[in-house]
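Undergrad: Residue numbers (this note's numbering): 1 to 310. Heads up, the beta-carbon is just placed ideally off N, CA and C, and yes, glycines get one too.
#1: Which residues in the same chain as residue 194 place their Cβ atom closer than 7 Å to its Cβ, once the five residues preceding and following it in sequence are excluded?
#2: Between the Cα of residue 157 and the Cα atoms of 135, 147, 117, which residue gives the shortest distance?
#3: I'd like to know whether the C-beta atoms of residue 297 and residue 287 end up nearer to each other than 7 Å.
#4: Using a Cβ-Cβ cut-off of 6 Å (strictly less than) and excluding sequence neighbours within five positions of residue 46, which residues of its own chain qualify?
#5: Quick check on residue 200: does DSSP put it in helix, strand or coil?
#6: Using a Cβ-Cβ distance cut-off of 7 Å, determine whether residue 109 contacts chain C.
#7: Distance check for residue 122 and residue 3, CA to CA, integer angstroms please.
#8: To the nearest angstrom, report how far apart residue 153 and residue 295 are at their CA atoms.
#9: Determine the closest residue to residue 267 out of 257, 238, 83, with distance taken between C-alpha atoms.
#10: State the CB to CB distance for the pair residue 95 and residue 290, rounded to an integer number of angstroms; the pair is presumed to be in contact (CB under 8 Å).
#11: Please work out which residues of its chain come closer than 6 Å, Cβ to Cβ, to residue 59, disregarding the five sequence neighbours upstream and downstream, and give them in chain order.
#12: Would you say the segment 80-92 touches the segment 102-122, given that touching needs at least three Cβ pairs under 8 Å?
#13: Among all the DSSP beta bridges, which residues are the ones paired with residue 57?
#14: Using three-state DSSP, classify residue 299 as helix, strand or coil.
#15: Could you compute how far the alpha carbon of residue 5 sits from the alpha carbon of residue 181?
#16: Anyone know if the C-beta pair for residue 261 and residue 20 falls short of 7 Å?
Structure follows, in structure tokens:
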């Protein structure tokens with residue numbers, strides 16, 4: 001499989017997971033498979049919409065990932081002030097969904113290099129999965145830059161909205177797993193080495209949720225937190241053998257289904273490649289960009305974006 005197939009799989013796979021999981025957000029376990037049994041009829045399509053989302057509509061997860069991608073491409077690399085400004089423009093344009101913490105940071109009127117840190121100092125709460133959810137595009141972009149650069153970039157991008165280092169480290173792990181997968185490595189086999197690169201203060205907690213014997217039922221927090229979100233995505237990848245089955249397993253966990261599925265889609269898309277993503281799931285996929293002139297990206301635009309990033 002080519003590197004481009006894996007890179008495109010990561011970007012589109014994340015967007016598909018986001019759109020597929022969105023209608024089931026905050027629901028109980030098993031709802032997705034109860035509604036859509038594994039063996040569908042020829043005219044059935046799980047990209048159903050609902051919960052305020054049109055069929056195939058991506059949420060803030062993918063919208064922010066696109067903003068990350070376009071900032072990286074327009075600036076030839078990471079320009080934190082520019083990226084933060086794009087986030088602000090989007091946040092103030094009335095997106096259908098935005099995390100409470102992210103909204104507070106982006107609309108609080110503080111400078112880009114202070115807003116997240118001050119928010120964390122005041123609230124003590126910033127370990128949500130909001131930086132993890134948007135990491136597919138930056139993971140692909142920095143994959144050719146090597147381990148140190150890709151993990152450092154992940155931490156810096158995460159820190160724009162999340163002051164807790166736990167969020168930085170989870171995003172760095174995802175970046176590095178994608179980087180190694182694009183090099184044809186097995187991300188599950190690579191996990192022990194990647195964990196060695198995590199900040200010592202956070203290594204043990206990530207080692208717990210990424211262990212082969214961990215199950216999402218063992219989570220001590222809601223999967224809207226960064227640790228169980230990443231752990232659930234890795235679990236879904238580990239316990240299945242296809243992109244489609246990994247996404248089904250992720251969404252069937254319930255809870256923060258769009259983001260868990262987006263992160264799962266990033267990893268599974270990189271592992272299995274873009275050709276493994278069912279066409280029925282990409283047919284109606286679209287990514288509105290509030291604040292950016294009514295632009296809507298669909299499959300051809302996302303595929304081109306992935307090619308440019310890779």
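TA: Taking the definition as stated:
#1: So the qualifying residues of the chain are 173, 176, 177.
#2: 135
#3: yes
#4: 36
#5: Residue 200 falls in the helix class under three-state DSSP.
#6: The question asks about chain C, but that chain is absent: this structure has only one protein chain.
#7: 43 Å
#8: 27 Å
#9: Checked all of 257, 238, 83; the closest Cα to residue 267 is 238.
#10: 5 Å
#11: 18, 22, 97, 258
#12: yes
#13: 286
#14: helix
#15: 11 Å
#16: yes
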